[in-house]
Amino acid sequence: MDLDCSFVTNPYYICLIRNRVMDIALLIIGFLLMLVGILGSFLPVLPGPPISWIGLLLLYMTKAVPDNWWILGGTLILALAVTVLDYVIPAAGTKKFGGSKAGMWGTIVGLLVAIFFPIFGPFGIIIWPFVGALVGELMNKADQKTAMKAALGSFIGFLTGTFMKFVLTAGYLVFFIIVTVKYGSELFSF
1 MDLDCSFVTN PYYICLIRNR VMDIALLIIG FLLMLVGILG SFLPVLPGPP ISWIGLLLLY
61 MTKAVPDNWW ILGGTLILAL AVTVLDYVIP AAGTKKFGGS KAGMWGTIVG LLVAIFFPIF
121 GPFGIIIWPF VGALVGELMN KADQKTAMKA ALGSFIGFLT GTFMKFVLTA GYLVFFIIVT
181 VKYGSELFSF
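Residue 1 is where the sequence shown starts when you use our numbering, and the numbers rise one by one after that.
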């Protein structure tokens, strides 16, 4: 029995297969960017919300998902706003509680210690930034009471910014999954 492979020479099918492969590649890269964006909620060196937004953009660049510039524009504005607030809130918290830049830097160093040396397990992400802020304030020659108060302000500001970034990036991931499921029959049809 001979197999009919005449469809391979038809440019329409080749084009269709290329589009589907490109859609799958965009989908996978977009999903990976979503995960990196969530990591960026906790790592100060990665801008989590903008990275997650790029993942959404890649999803909307597929042929299967129709363009919706209102959704992309709104989610971009949210990503940029949360990213800016992430820099403003810890500084405001530190300033409100009488802290210095040393306390803010101590918070960041404490976070890095929590990530790379998970001594207290998942609680390290909460304990080490506070300890770092306290040490930073004490190194800045603040008395113990002032250092504790400033460390608390820096820590609360840091947690608020981190929580906002995490909620936004997790929301983007949920939205990504919902859109993928909605258009799954078009994304995965060969």
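Every residue, glycine too, gets a C-beta built ideally from N, C-alpha and C.
Open item on the list: Checking 8 Å against the spacing of the C-beta atoms, do residue 185 and residue 137 come in under that value?
Closed with: Reading the sequence shown from its first residue, position 185 is the one you call residue 185. Reading the sequence shown from its first residue, position 137 is the one you call residue 137. It is not a contact, given that the beta carbons lie outside the stated cut-off.
TODO: Tell me whether residue 268 sits in a helix, a strand or coil according to DSSP, three-state version.
DONE: The displayed coordinates of the chain run from 1 to 190. Any statement about residue 268 would go beyond what the structure contains.
TODO: Please report the Cβ distance between residue 62 and residue 26, rounded to the nearest whole angstrom; I am assuming they are in contact, meaning their Cβ atoms lie under 8 Å.
DONE: Here residue 62 refers to the residue found at position 62 when the sequence shown is read from its first residue. Here residue 26 refers to the residue found at position 26 when the sequence shown is read from its first residue. 5 Å between Cβ atoms; contact.
Task: the stretch 113–125 in contact with the stretch 68–81 per 3-pair CB rule at 8 Å - done: In this structure the stretch 113–125 does not touch the stretch 68–81; the number of beta carbon pairs closer than 8 Å is below three.
Open item on the list: Let me confirm a value: residue 3 is counted as buried when at least 16 other C-beta atoms fall within 10 Å, else exposed. Which label applies?
Closed with: By 1-based counting over the sequence shown, the position of residue 3 is 3. The pLDDT assigned to residue 3 is 40, lower than 50, so where the model puts this residue is not dependable; a value taken from the coordinates is nonetheless given after this. Result: exposed.
TODO: Give the C-beta separation of residue 89 and residue 146 to the nearest angstrom, bearing in mind that I take them to be a contact with Cβ-Cβ under 8 Å.
DONE: If you number the sequence shown from 1, residue 89 lands on position 89. If you number the sequence shown from 1, residue 146 lands on position 146. Incorrect: roughly 21 Å between the Cβ atoms, too far for contact.
Open item on the list: Quick check: residue 152 and residue 106, are their CB atoms within less than 8 Å of each other?
Closed with: For the purposes of this step, residue 152 is taken as residue 152 along the sequence shown, with counting starting at 1. For the purposes of this step, residue 106 is taken as residue 106 along the sequence shown, with counting starting at 1. In terms of Cβ geometry, residue 152 and residue 106 do not form a close pair [threshold 8 Å].
TODO: Let me know the beta strand (DSSP E) ranges lying completely inside the stretch 66–103, each 3 residues or longer, listed in chain order.
DONE: The stretch 66–103 contains no whole beta strand (DSSP E) run of 3 or more residues.
Open item on the list: Using a Cβ-Cβ distance cut-off of 8 Å, determine whether residue 56 contacts chain D.
Closed with: Checking the listed chains, one finds no chain D in this structure; it contains a single protein chain.
- [ ] Compare the C-alpha of residue 98 against each of 188, 30, 156, 174 and name the closest.
- [x] Counted from its first residue, the sequence shown places residue 98 at position 98. Taking residue 98 as reference, the option from 188, 30, 156, 174 with the minimal CA-CA separation is 156.
Open item on the list: For a quick check, are the C-beta atoms of residue 40 and residue 48 less than 8 Å apart?
Closed with: Translated into positions along the sequence shown, residue 40 becomes position 40. Translated into positions along the sequence shown, residue 48 becomes position 48. Closer than 8 Å, so yes.
Open item on the list: Here's a check: name, in chain order, each residue in its chain whose Cβ is nearer than 6 Å to the Cβ of residue 183, leaving out the five neighbours to either side.
Closed with: In the sequence shown, counting from the first residue as 1, residue 183 sits at position 183. Correct list, in chain order: 64, 65.
Open item on the list: Rounding to the nearest angstrom, what Cα-Cα distance links residue 110 and residue 189 in this structure?
Closed with: The count along the sequence shown starts at 1 and reaches residue 110 at position 110. The count along the sequence shown starts at 1 and reaches residue 189 at position 189. Roughly 48 Å separates the two Cα atoms.
Open item on the list: Tell me which residue opens and which closes the alpha helix (DSSP H) that residue 62 is part of.
Closed with: Mapped onto the sequence shown, residue 62 falls at position 62. From DSSP, residue 62 is part of no alpha helix (DSSP H); its letter is neither H nor E.
- [ ] Measuring alpha carbon to alpha carbon, tell me which of 85, 53, 86 ends up nearest residue 73.
- [x] Residue 73 sits at position 73 when you count from the first residue of the sequence shown. The shortest CA-to-CA distance from residue 73 to any of 85, 53, 86 is the one to 53.
- [ ] For residue 116, count neighbouring C-beta atoms within 10 Å of its own C-beta (all shown protein chains included) and say buried if the count is 16 or more, exposed if not.
- [x] On the sequence shown, position 116 is the one that residue 116 refers to. It is exposed - the Cβ of residue 116 has fewer than 16 other Cβ atoms within 10 Å.
Task: Collapsed DSSP secondary structure at residue 143 in the structure displayed - done: In the sequence shown, counting from the first residue as 1, residue 143 sits at position 143. It is coil, neither helix nor strand.
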